[in-house]
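**Student:** Position one of the first sequence corresponds to residue 364 (the working numbering), numbered consecutively onward.
Every residue, glycine too, gets a C-beta built ideally from N, C-alpha and C.
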Amino acid sequence: MMTLKTTTAPLAKPLLDWYDRHHRDLPWRVSPPMAKRGIKADPYHVWLSEVMLQQTTVPAVKAYFLKFLARWPTVGDLAAAPSEDVMAAWAGLGYYARARNLKKCAEAVANDHSGVFPDTEDGLRALPGIGDYTAAAVAAIAFNRQAAVMDGNIERVISRLYAISTPLPAAKPLMKQKVALLTPSDRPGDFAQAMMDLGATICTPKRPACALCPFNGSCEALALHDPEHFPVKAAKKAKPVRVGAAFVAVTSDGEVLLRRRIESGLLGGMTEVPTTGWTARIDGETSADAAPFAADWQPSGTVTHVFTHFELRLSIWRVAIPGRINGDDGWWEPVTNLDAQALPTVMKKAITAAIPRAFQQSKDG
DNA sequence: AACTCGTGGAT
DNA sequence: TATCCAAGAGT
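See below:
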């Protein structure tokens, strides 16, 4: 007779035991030894780190997290900060809608919740920039709620544990059910973090270290001798290549013409040098005819930048002029102050192509 | 449901 | 070099 598989809930214990020994120490995390001494996670720290970590690697986040925390120690401080400062501090981290929503969320907490984060998944989910994942993660990690946390790491772990052959993203609801069944009432936050650490360090996309995995006696993908086959994903679309131009004008006083992009869409609300009207779907003009003002524009090479869904090749034009010229919009910024601007990486590349040492001229650098 | 939305490191 | 992909959210 066949043995019915027991409920999967008992898998939480070997995972938590593994986590107690092998957890990563991260700046925003209260590690098990600290928790044992009664240290509680700060919801502000948990929320800030979770937003930064959305589609972003741990190494990239660390410095930004520490910088934000030093500059805005509480959610109230962040709520009171000028948006331009927040966008400039976020520059380089990508997905800039996160920064816009971060500010909105901080304001909502400060103004509508007396400066205290909601302590339930539903309450958190209603805030700007907090989706299914982040609501569950903050509820579990900061408030010890038994929430089912599902991110890319956990999708991989679950898809292998149960050898789920349905492609993502269609398989997400099933995977979330599985996670909910596994999540314990005791230490749900550590369980979620343990699952993510496991996915990041053991159950990796390539060459998973199954010999070290606390689930290796239960993993169906390992039993099939092909863990790398999971998760199955839908095919991706090819990235189109778009072209455009960027214009770097420098006065004899060492000022560069900058302007602000519209609030929505690609690089929304960020600062740029004048560029032509390229988008993910439409090529922009590449010649100096499209410059913000007529001048002796000089070609300065091209910059290639790969976004998530398209590749951009920008023709760079530069000109040295005696003094300011009225552009239709924008402002003139000292080259020595470019580091303080909300310049996304693609714009730093464009400026560097025209002014090679532009970002080595900061006042305190 | 399918798109849009950055960046840099690993393989 | 090309591809993947990393603690996803908003529309």
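Round the Cβ separation of Thr634 and Gln723 to the nearest angstrom and send it over; I've been treating them as touching at under 8 Å.
**Tutor:** The pair is not a contact, with the Cβ atoms about 19 Å apart (cut-off 8 Å).
**Student:** In chain order, what residues of the same chain have a beta carbon less than 8 Å from the beta carbon of Val520, not counting five sequence neighbours either side?
**Tutor:** Met558, Leu561, Gly562, Cys566, Phe578
**Student:** What are the complete alpha helix (DSSP H) segments, minimum 4 residues, inside the region 545 to 572?
**Tutor:** 551 to 564
**Student:** Between which residues of its own chain and Ile493 is the CB-CB distance below 7 Å, once the five residues before and five after are set aside?
**Tutor:** The residues are Cys468, Leu487.
**Student:** Would a C-beta distance cut-off of 9 Å place Ala511 and Lys535 closer than the cut-off?
**Tutor:** For Ala511 and Lys535, no; Cβs fall outside 9 Å.
**Student:** Quick check: Ser615 and Ala717, are their CB atoms within less than 9 Å of each other?
**Tutor:** no
**Student:** Find out if the Cβ-Cβ distance for the pair Phe554, Ala503 is shorter than 9 Å.
**Tutor:** Yes, they are a contact pair.
**Student:** Note down, in chain order, each residue of its chain lying with its Cβ closer than 7 Å to the Cβ of Pro390, except the 5 sequence neighbours on either side.
**Tutor:** Lys425, Phe428, Leu429
**Student:** Hey, Val709 and His668 are a contact pair by Cβ (cut 8 Å); roughly how many whole angstroms apart?
**Tutor:** The Cβ separation is near 4 Å, so the contact holds.
**Student:** Would Ala462 be called buried (16 or more neighbouring beta carbons within 10 Å of its own) or exposed?
**Tutor:** buried
**Student:** Helix, strand or coil for Thr715 per DSSP?
**Tutor:** helix
**Student:** Decide if Gln661 is buried, meaning its Cβ has at least 16 other Cβ atoms within 10 Å, or exposed.
**Tutor:** exposed
**Student:** Under 8 Å by Cβ, that's how I've got Ala609 and Val636 pegged, so tell me the actual separation to the nearest angstrom.
**Tutor:** About 5 Å; that satisfies the 8 Å criterion.
**Student:** Whose C-alpha, out of Phe506, Pro594, Ala443, is nearest the C-alpha of Ala533?
**Tutor:** Pro594
**Student:** Quick one: what does DSSP say Glu484 is sitting in, helix, strand or coil?
**Tutor:** helix
**Student:** Which residues bound the beta strand (DSSP E) around Pro662?
**Tutor:** First-last of the beta strand (DSSP E) with Pro662: 661 to 669.
**Student:** Only counting runs of 4 or more residues, tell me where the alpha helix (DSSP H) segments fall wholly within the region 364 to 425, in order along the chain.
**Tutor:** 375 to 385, 395 to 399, 406 to 415
**Student:** Can you find the residues in the same chain that come closer than 8 Å, C-beta to C-beta, to Glu618, ignoring five residues on each side of it along the sequence?
**Tutor:** Arg687, Trp695, Glu696, Pro697, Val698
**Student:** Starting from Arg523, trace the alpha helix (DSSP H) both ways and give me its first and last residue.
**Tutor:** Here the alpha helix (DSSP H) through Arg523 covers 515 to 524.
**Student:** By a C-beta neighbour count over all protein chains shown, 10 Å radius and 16 as the cutoff for buried, is Glu518 buried or exposed?
**Tutor:** buried
**Student:** Should His476 go down as buried or exposed, given a rule of 16 or more other Cβ atoms within 10 Å for buried?
**Tutor:** By the beta-carbon neighbour count (other beta carbons within 10 angstroms, threshold 16), His476 is exposed.
**Student:** Drop a sphere of 10 angstroms on the beta-carbon of Val393, count the other beta-carbons inside from all chains shown, and report buried for 16 or more, exposed for fewer.
**Tutor:** Under this definition Val393 is a buried residue.
**Student:** Quick check: what's the CA-CA separation for Met365 versus Val449?
**Tutor:** Residue placement at Met365 cannot be trusted, given a pLDDT of 36 that sits under 50; what the coordinates show is reported in the next sentence. The alpha-carbon atoms of Met365 and Val449 are separated by roughly 59 Å.
**Student:** How many whole angstroms separate the CB atoms of Gln556 and Tyr382, which I take to be in contact at a CB cut-off of 8 Å?
**Tutor:** Indeed they touch by this definition, with Cβ atoms about 7 Å apart.
**Student:** According to DSSP, simplified to helix, strand and coil, what is Phe673?
**Tutor:** coil
**Student:** Assuming Trp694 is part of the alpha helix (DSSP H), what are its boundary residues?
**Tutor:** Taken as a continuous stretch (DSSP letters only), Trp694 belongs to no alpha helix (DSSP H), being part of the beta strand (DSSP E) at 694 to 697.
**Student:** Using a 10 Å radius around the Cβ and a threshold of 16 neighbouring Cβ atoms, would you call Ser528 buried or exposed?
**Tutor:** exposed
**Student:** Helix, strand or coil, according to DSSP, for Glu591 in the structure here?
**Tutor:** helix
**Student:** I need the boundaries of the alpha helix (DSSP H) containing Ala584, first residue and last residue.
**Tutor:** 583 to 586
**Student:** Report the rounded CA-to-CA distance for Ala473 versus Leu531, giving the unit in angstroms.
**Tutor:** 37 Å
**Student:** Nearest to Leu677 by alpha carbon, out of Pro481, Ile625, Asp380, Ala643?
**Tutor:** Ala643
**Student:** Check the C-beta distance from Gly647 over to Thr638 and give it rounded, since I have them as a contact under 8 Å.
**Tutor:** 7 Å
**Student:** In chain order, what residues of the same chain have a beta carbon less than 7 Å from the beta carbon of Arg550, not counting five sequence neighbours either side?
**Tutor:** Leu379
**Student:** If the criterion is Cβ atoms closer than 9 Å, does the pair Trp680 and Ser663 meet it?
**Tutor:** yes
**Student:** Could you please give the first and the last residue of the uninterrupted beta strand (DSSP E) stretch that includes Ala608?
**Tutor:** 604 to 614
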